[in-house]
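In what follows, a structure is listed as structure tokens, so that the remarks can point back to it.
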Amino acid sequence: MADTFRRKMTAFEEVNWQYGKAAGLLEIPEAHASIMRNCYRELKVQVVLHRDDGRIEEYFGFRVQHNGTRGPYKGGIRYHPSVDMDEVRALASLMTWKTAVVNIPYGGAKGGVNCDPKKMSENELQTLTRTFTRKIDMALGVYRDIPAPDVGTNAKVMGWLMDEYGRKHGYSPAIVTGKPVALGGSKGRESATGLGVFFIAQRACRDFGVALQGARVVIQGFGNVGSWAARYLHDAGAKVIAVADAEGGVLEERGLDVAALEAHVREKKTVAGFAKASPLPKERIFETPCDILIPAALNGVIHEQNVGAINARLIIEGANNPINPHADHILAQRKIPVVPDILANAGGVTVSYFEWVQDLYSFFWDPDMVRTQLQRTIRHAYVDVESSARRHDTDLRTGALILAVGRVQEATRIRGIFP
Ligand code: NAD
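If you're matching positions, the sequence shown starts at 155 in the working numbering and goes up one per residue.
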């Protein structure tokens, strides 16, 4: 293991390293494993944007389909300056494993554009989205590849994507999930990832002896995932004591007033400057002693340099791939349990699946139905992951990957692709 960590791995290498651990335990033949360490289809497209002030800017857009054995490719679209092919590959392969962990009939994909949506007008954002959609159109399809929101995109962006796709293909609401409800989106999709994190927190707290009532919670990221997770945990009696986002952080040992913090963020676009808490440098978020730590921002944020400062009893990965393998290893040695991304944040893709189902039969569920089905799916997945980890005497991440890799391998074999 030390050898692997001598040089910094890329995000895709990190995910493949985790995959390799599970594949090794399952004794998957190398010829099969090497196929799973690559992606089925990769698109890189030039996206030229005419800014409102007349300037012309060039971005690059990506859509990567990792594996489609269990169903259509599925995965979000990220708008962030750091987006590149390696990151998109990593996130696409995580989607393959995530959809398999929650046992929904999808493969894995991801996409993105290396732009900064915070510096763009709404008109520019819409133009960029429509251009990007046209450029990746040939890879999409209601039964082929179905995008969704991710960092820097939201329901409005998905609505534009659906509209642009529909210009060529006709009315196709099932081409994208995470749309506004008025366009065929599912009730409960916006809060689904945070609600899934909450359901996981309930189960994991019970298993690892942490009382949820009064638990001190620290969250990195207060966007879609972080803010909804904070709200559900707060409503269940936990104390969200610290939150950080890209601009800064806040701390209140007695527990933040989450509703007031949400109102502040709606107005200021950041948690920084929230009057009912003390400022906290965003770099110090992981040092804050807590019971539950939830990274819910970007990948690779917990690494060998900062893992030693973590003082938490339980970590729940709201973000995708937030902990690198080196830090993961150290956390395991320190006996700090980690609930992995492919289980903990699967609530979003699960309700995306419900949305797709509703769009396909044009009949829509009420919020209780969405919540009940989400809870059922996440709880089943938790139990499956926990028993897989126990059976193989390993951690939850490896247990989840063994479950997922086994399901994909089985589907591949039954299809007649691998003997
Ligand atoms: P978002 O864009 O709504 O929010 C991202 C948050 O992270 C913001 O608060 C931003 O300020 C913060 N952030 C960015 N850089 C930061 C930094 N350097 N330090 C601290 N905070 C920083 O994105 P989201 O949809 O909430 O996604 C967050 C994570 O969850 C991503 O890893 C995403 O892939 C994952 N995820 C999202 C969903 C979903 O349904 N939205 C589903 C599964 C996984």
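Ideal placement from N, C-alpha and C gives every residue a C-beta, glycine not left out.
Can you say whether residue 361 is buried or exposed, counting buried as having 16 or more other CB atoms within 10 angstroms of its CB? Within the sequence shown, residue 361 is the residue found at index 207, counting from 1. Residue 361 comes out exposed.
By alpha-carbon positions, which one of 331, 476, 247, 265 ends up nearest to residue 174? Position 20 of the sequence shown, counted from the first residue, corresponds to residue 174. If you compare the alpha carbons of 331, 476, 247, 265 with that of residue 174, the shortest gap goes to 247.
Does the separation of the CB atoms of residue 320 and residue 326 fall below 8 Å? In the sequence shown, residue 320 corresponds to position 166, counting from 1. In the sequence shown, residue 326 corresponds to position 172, counting from 1. Taking 8 Å as the Cβ cut-off, residue 320 and residue 326 qualify as a contacting pair.
Relative to the C-alpha of residue 581, which candidate in 323, 436, 178, 273 has its C-alpha closest? Here the chain comprises residues numbered 155 to 573, so residue 581 is not present and cannot be evaluated.
Between residue 228 and the ligand NAD, is there a pair consisting of the residue's CB and a ligand heavy atom that are separated by less than 7 Å? The count along the sequence shown starts at 1 and reaches residue 228 at position 74. It does not: the Cβ of residue 228 is nowhere closer than 7 Å to a heavy atom of the ligand NAD.
Whose CA, out of 446, 276, 260, 283, lies closest to the CA of residue 267? As a first step, residue 267 is located in the sequence shown; it is residue number 113 there, counting from the start. Here the closest residue by C-alpha is 283.
Near residue 166, what residues of its chain come up, given a Cβ to Cβ distance below 6 Å and the 5 sequence neighbours on each side ignored? For the purposes of this step, residue 166 is taken as the residue at position 12 of the sequence shown. The beta carbon of residue 166 lies closer than 6 Å to those of 240, 243, 244 in the same chain, with the five residues before and after it left out.
Terminal residues of the continuous alpha helix (DSSP H) containing residue 280? Counting from one through the sequence shown, the residue named residue 280 turns up at place 126. Its alpha helix (DSSP H) spans residues 276-290.
So, helix, strand or coil for residue 181, using DSSP? Looking up residue 181 in the sequence shown gives position 27. Residue 181 falls in the coil class under three-state DSSP.
Would you call the stretch 559-571 and the stretch 250-257 in contact, with 3 or more CB pairs under 8 Å? yes
Applying the 10 Å Cβ sphere with the 16-neighbour rule, what's the burial state of residue 345? Residue 345 sits at position 191 when you count from the first residue of the sequence shown. Buried, since its Cβ has 16 or more Cβ neighbours within 10 Å.
DSSP beta-bridge partners of residue 221: By 1-based counting over the sequence shown, the position of residue 221 is 67. DSSP, once it has assigned bridges, lists 262 as partnering residue 221.
Going along the chain, which residues of its own chain have a beta-carbon closer than 7 Å to the beta-carbon of residue 169, five neighbours each way excluded? The residue labelled residue 169 in the question sits at position 15 within the sequence shown. Contacts found: 244, 247, 248, 475.
Residues of its chain near residue 328, where Cβ-Cβ distance is below 6 Å and the 5 sequence neighbours each way are ignored: Against the sequence shown, residue 328 aligns to sequence position 174. So the qualifying residues of the chain are 296, 510, 513, 514.
Residues in its own chain within less than 8 Å of residue 466 by CB, not counting five upstream and five downstream? On the sequence shown, position 312 is the one that residue 466 refers to. The answer, listed in chain order, is 372, 443, 444, 445, 446, 447, 490.
Among residues of its own chain, excluding the 5 on either side of residue 484, which ones have a beta-carbon nearer than 8 Å to its beta-carbon? Counted from its first residue, the sequence shown places residue 484 at position 330. Taken in chain order, the residues that qualify are 458, 461, 462.
When you compare each of 171, 237, 527 to residue 306 by their alpha carbons, which one comes out closest? Here residue 306 refers to the residue found at position 152 of the sequence shown. The shortest Cα separation from residue 306 among 171, 237, 527 belongs to 237.
Residues near residue 176 in its chain [Cβ-Cβ closer than 7 Å; skip 5 each side]: Along the sequence shown, read from residue 1 onward, the residue named residue 176 stands at position 22. Only 552, 555, 556, 559 meet the Cβ criterion.
In this structure, how does DSSP classify residue 367 when only helix, strand and coil are distinguished? Within the sequence shown, numbered from 1, the residue matching residue 367 stands at position 213. If DSSP states are grouped into helix, strand and coil, residue 367 belongs with coil.
Any idea if residue 408 is buried or exposed, counting beta-carbon neighbours within 10 angstroms, 16 or more meaning buried? Working through the sequence shown from its first residue, we reach residue 408 at position 254. Its Cβ having fewer than 16 others within 10 Å, residue 408 is exposed.
Looking at the strands, I want to know which residues DSSP matches up with residue 468. What you label residue 468 is simply residue 314 of the sequence shown in a count that begins at 1. Answer is 446, bridged to residue 468.
Counting only the same chain and skipping the five closest in sequence on each side, list residues whose C-beta sits under 8 Å from that of residue 425. In the sequence shown, the residue the question calls residue 425 occupies position 271. Counting only Cβ-Cβ distances below 8 Å, and skipping sequence neighbours, we find 376, 397, 398, 399, 401, 402, 403, 404, 415, 418, 419.
Output the distance between the C-alpha atoms of residue 335 and residue 309, rounded to the nearest integer angstrom. Here residue 335 refers to the residue found at position 181 when the sequence shown is read from its first residue. Here residue 309 refers to the residue found at position 155 when the sequence shown is read from its first residue. C-alpha separation (whole angstroms): 9 Å.
Just to confirm my understanding: we take residue 171, look at its own chain, exclude 5 residues before and 5 after, and list those with CB closer than 6 Å. What are they? On the sequence shown, residue 171 is found 17 positions in, with the first residue counted as 1. Cβ neighbours of residue 171 beyond the five flanking positions: 479.
Using only the alpha-carbon positions, how far apart do residue 412 and residue 388 sit? Taking the sequence shown and counting its residues from 1, one reaches residue 412 at position 258. Taking the sequence shown and counting its residues from 1, one reaches residue 388 at position 234. If I take the Cα positions, the gap works out to 7 Å.
Just checking residue 305 against the ligand NAD - is the residue's beta carbon closer than 7 Å to any of the ligand's heavy atoms? Translated into positions along the sequence shown, residue 305 becomes position 151. Yes - the ligand NAD has a heavy atom lying nearer than 7 Å to the Cβ of residue 305.
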